[in-house]
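Chemist: All residue numbers for the sequence shown refer to our numbering, where the first residue is 137 and numbers rise by one. Yeah, the Cβ is synthetic: ideal placement off N, Cα and C, and Gly gets one too. Treat the numbers as computed from the prediction; the structure is a model and nothing was measured. Got a structure for you, written out below as structure tokens; questions coming shortly.
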Amino acid sequence: MPYALAMCIATGVAVFDMLAQSGVPRANTYRGSPMPTLRPGYLAFVSIVLATLPTLGMTITLNPLPAQDSAIQVQLTYMGTMPASLAGSVRTNATSPVAVGSHLLLVDQTGFVYQRDVGGALTTVFTPTDAPAGLSLMGEKILNVVSNQAGNALYVAFTSATTPAGTPVSISPRGNASAYQVIYRYDFDGTSVSNPQPLRAFAVNPTGHTGGGMAVLDDGSLLFTTGDHGDAGEDGRSFAQDSVSHLSKIVQINPSTGDTTIVAKGVRNVQRLAMTQHEGKTYVDFVDIGGNVAEELNTVLLADLLDPTRVENFGWGRNSTDNLAREGTFYIDANGQAVSAAPLGEAGFLQPLAQWGREAQSFVAGTGSISCADAFRNIDTLFGDLPSGTVYAIQSRNAGLLADVRRVNLVDATLHATTLSALAGGRPDPRFFCFADGSAGVLLERTGDFYRLAEIASIPEPSSLLLCALPALLLLIQHSQHKRRGSAPVPCDADEPWSGLWGQAR
Ligand SMILES: [Ca+2]
Ligand SMILES: [Ca+2]
137 MPYALAMCIA TGVAVFDMLA QSGVPRANTY RGSPMPTLRP GYLAFVSIVL
187 ATLPTLGMTI TLNPLPAQDS AIQVQLTYMG TMPASLAGSV RTNATSPVAV
237 GSHLLLVDQT GFVYQRDVGG ALTTVFTPTD APAGLSLMGE KILNVVSNQA
287 GNALYVAFTS ATTPAGTPVS ISPRGNASAY QVIYRYDFDG TSVSNPQPLR
337 AFAVNPTGHT GGGMAVLDDG SLLFTTGDHG DAGEDGRSFA QDSVSHLSKI
387 VQINPSTGDT TIVAKGVRNV QRLAMTQHEG KTYVDFVDIG GNVAEELNTV
437 LLADLLDPTR VENFGWGRNS TDNLAREGTF YIDANGQAVS AAPLGEAGFL
487 QPLAQWGREA QSFVAGTGSI SCADAFRNID TLFGDLPSGT VYAIQSRNAG
537 LLADVRRVNL VDATLHATTL SALAGGRPDP RFFCFADGSA GVLLERTGDF
587 YRLAEIASIP EPSSLLLCAL PALLLLIQHS QHKRRGSAPV PCDADEPWSG
637 LWGQAR
């Protein structure tokens with residue numbers, strides 16, 4: 137917003153200058169006393185300082201540029217509430233719902249999956265007692281669920297203390313694993329699952345960053361994101377950048393053999409993958425939750441991800457070549473603190489499509505993203521923040537450029553301004569998703585309430601309009617005073633451009 141305001145002021149300056157140069161008289165006295173006369177040079181100087189502030193902020197503080205206010209307006213319409221599984225003020229430990237066919241699957245990580253049909257009726261698909269033999273569910277019992285394109289198979293990531301016999305297991309080199317993420321494939325008839333097939337198990341530290349993003353490809357293989365198994369105040373260590381371990385990777389799992397292929401490395405804690413379409417191409421989008429510096433919105437062409445000649449590197453963890461770890465477009469030390477800025481477009485790494493920082497918040501954790509087929513007009517991708525419920529958007533995607541992160545204004549069904557924390561009555565933990573009809577949605581963990589999101593007409597920006605008009609208004613007032621009092625104008629002194637600032641009466 138400061139940049140936009142500065143541009144408005146600069147525009148006003150230009151108009152002011154043009155009028156001054158074309159001979160419009162300007163008064164410099166008021167009631168017979170010297171009056172300060174606003175000079176274009178002074179205003180231009182202020183404009184330049186304002187316009188430069190964001191850049192200065194990034195250089196000096198090693199933080200992402202602040203998110204910007206915007207005129208983007210999204211309306212929430214209440215659609216339903218998932219059953220509660222938790223006692224107390226927080227009703228669920230939900231992750232993002234999943235559209236399957238014309239239905240929606242509501243996923244509670246305490247171990248429940250519900251199917252909601254288009255009429256709103258709920259059917260219980262899975263409870264913890266339905267766990268396959270050989271599993272001892274614990275922690276986030278169901279980490280995530282995803283379906284294939286046909287909607288007749290579900291892939292479920294469980295957290296378990298045990299693995300079923302005969303299942304291939306990826307062992308963690310980090311030494312802190314005490315559980316397994318076990319991936320199953322189920323047949324799904326729309327309301328119930330059957331024929332559980334264990335595909336692969338990954339040793340995991342269930343109290344660290346556990347990732348859990350999933351997407352099914354057309355060939356039935358599964359993309360799965362693993363976390364770094366660490367906690368805050370770290371740099372991801374070397375495991376995130378190695379080409380062997382499953383930590384901090386996107387792996388592709390063969391559904392027949394359970395074999396895994398590392399297709400990307402250097403992700404920190406990606407909880408959701410979104411397959412999106414832009415200009416006829418398929419992308420994999422995801423938010424990577426940051427440590428101390430930058431939340432990331434990332435994207436990669438699916439074709440690039442699956443091209444085996446290059447393993448995409450998203451930067452997290454200590455790279456063996458230069459010993460540097462990357463968060464957003466910054467290098468960080470072993471304690472997770474930013475130490476310097478990386479060059480934009482750094483060779484060998486995929487930098488974020490967009491990034492945002494802490495600003496006034498002490499705790500930030502990105503959530504999303506969604507780019508639903510039939511939801512938005514001026515929004516390219518929507519995402520947000522778990523603890524505060526702030527909703528963000530980018531409006532375009534340009535490879536190699538950091539997109540501006542804009543704050544989205546929310547209104548309720550009666551067009552009154554609202555926030556996700558107000559709707560939830562506390563920390564909302566929004567989980568974004570796309571409905572089966574291509575519209576956008578968000579579910580709040582605290583209440584289990586979920587809403588449809590629809591972009592509506594942008595709100596006017598009166599403050600910007602006022603500031604744009606301010607220089608012209610000043611000019612009119614001065615001109616009016618001059619005409620009323622008959623005082624002679626002081627011409628702008630090109631040789632001494634600052635002399636007119638405190639112009640003298642003649
Ligand atoms: Ca690749
Ligand atoms: Ca990154």
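(1) Between which two residues does the alpha helix (DSSP H) harbouring Ser557 extend?
(2) If we ignore side chains and look at the alpha-carbon of each, how far apart do Asp244 and Gly427 end up?
(3) Using a threshold of 8 Å, is the CB atom of Gln333 nearer than that to any non-hydrogen atom of ligand 2?
(4) What separation, rounded to the nearest whole angstrom, lies between the Cα atoms of Ile389 and Phe338?
(5) Measuring only the C-alpha atoms, how far is Gly326 from Thr246?
(6) Which residue wins for smallest C-alpha separation from Ser379, given the options Thr457, Gly275, Leu212?
(7) Looking at Phe466 and Ala483, is the spacing between their C-beta atoms short of 9 Å?
(8) Does DSSP classify Asp323 as helix, strand or coil?
(9) Helix, strand or coil for Phe375 per DSSP?
(10) Count Cβ pairs between the segment 441 to 457 and the segment 529 to 537 that sit closer than 8 Å; are there 3 or more?
(11) Suppose you measure from the CA of His552 to the CA of Gly562; what does that come to, to the nearest Å?
(12) Secondary structure at Pro268, three-state DSSP: helix, strand or coil?
(13) Is Gln285 buried or exposed, if buried means 16 or more other CB atoms sit within 10 Å of its CB?
(14) Please list, in chain order, all residues of the same chain as Gly394 whose beta carbon is under 6 Å from its beta carbon, the five residues on each side excluded.
(15) Near Pro332, which residues of its chain fall below 7 Å by C-beta distance, leaving aside the five closest residues on each side in sequence?
(16) With DSSP collapsed to three states, give me the class of Ala553.
(17) Under a three-way DSSP split, which group does Gly159 fall into?
(18) Does DSSP classify Asp443 as helix, strand or coil?
(19) For Val578 versus Leu242, is the C-beta spacing smaller than 9 Å?
(20) Output needed for Tyr214: all residues of its chain with C-beta closer than 6 Å, excluding positions within five of it in sequence on either side, in chain order.
(21) For Ile581, which option in Ser532, Pro596, Gly525, Cys570 has the closest C-alpha, if you only look at C-alpha atoms?
(22) Going by beta-carbon coordinates alone, are Pro342 and Gly275 separated by less than 9 Å?
(23) With Arg408 and Ser232 assumed to form a contact (beta carbons below 8 Å), what rounded beta-carbon distance in angstroms separates them?
(24) Only counting the same chain, and skipping five residues up and downstream in sequence, which positions put a Cβ closer than 7 Å to that of Gly159?
(25) Using 8 Å for Cβ pairs, my map puts Ala376 next to Gly402. What's the rounded Cβ distance?
(26) Which same chain residues, not among the five before or five after Ala509, have their C-beta less than 8 Å away from its C-beta?
(27) Would you say Asp516 touches ligand 1, meaning its beta carbon is less than 8 Å from a heavy atom?
(28) Residues in its own chain within less than 6 Å of Pro219 by CB, not counting five upstream and five downstream?
(29) Take Met194 and list the residues in its own chain whose beta-carbon comes closer than 6 Å to its own, dropping the five residues that flank it on each side.
(30) Distance check for Thr217 and Ala439, CA to CA, integer angstroms please.
(31) Per DSSP, Val420 is paired with what?
(32) Could you check if Pro596 is buried or exposed, using at least 16 other CB atoms within 10 Å of its CB as the buried criterion?
(33) Ignoring anything shorter than 4 residues or poking outside the segment 469 to 550, list the alpha helix (DSSP H) runs there in chain order.
(34) In the DSSP assignment, find the beta strand (DSSP E) that holds Ser296 and state where it starts and stops.
(35) What do you reckon, is the C-beta of Gln413 under 8 Å from a heavy atom of ligand 3?
(36) Just to confirm the assignment, what range does the beta strand (DSSP E) spanning Glu276 have?
Modeler: Let me spell this out:
(1) 556 to 560
(2) 25 Å
(3) no
(4) 11 Å
(5) 21 Å
(6) Thr457
(7) no
(8) strand
(9) helix
(10) no
(11) 19 Å
(12) coil
(13) exposed
(14) Pro304, Leu335, Arg336
(15) Pro268, Tyr320, Tyr322
(16) strand
(17) Here the model assigns Gly159 a pLDDT of 46, short of 50, so the residue's position is not dependable and the matter cannot be decided.
(18) coil
(19) no
(20) Tyr587
(21) Note that residue 581 corresponds to Glu in the displayed sequence, not to Ile. Residue Gly525 is the option with its Cα nearest to Glu581.
(22) yes
(23) 6 Å
(24) With a pLDDT of 46 at Gly159, under the threshold of 50, the predicted position of this residue should be treated as unreliable, and no value is reported.
(25) 6 Å
(26) Gln413, Cys570, Gly574
(27) no
(28) none
(29) A caution first: Met194 carries a pLDDT of 45, below 50, which makes its placement in the model too unreliable to give a value.
(30) 37 Å
(31) Met411, Val436
(32) exposed
(33) none
(34) 289 to 296
(35) In the structure shown, ligand 3 is absent; the only ligands present are ligand 1 and ligand 2.
(36) 273 to 283
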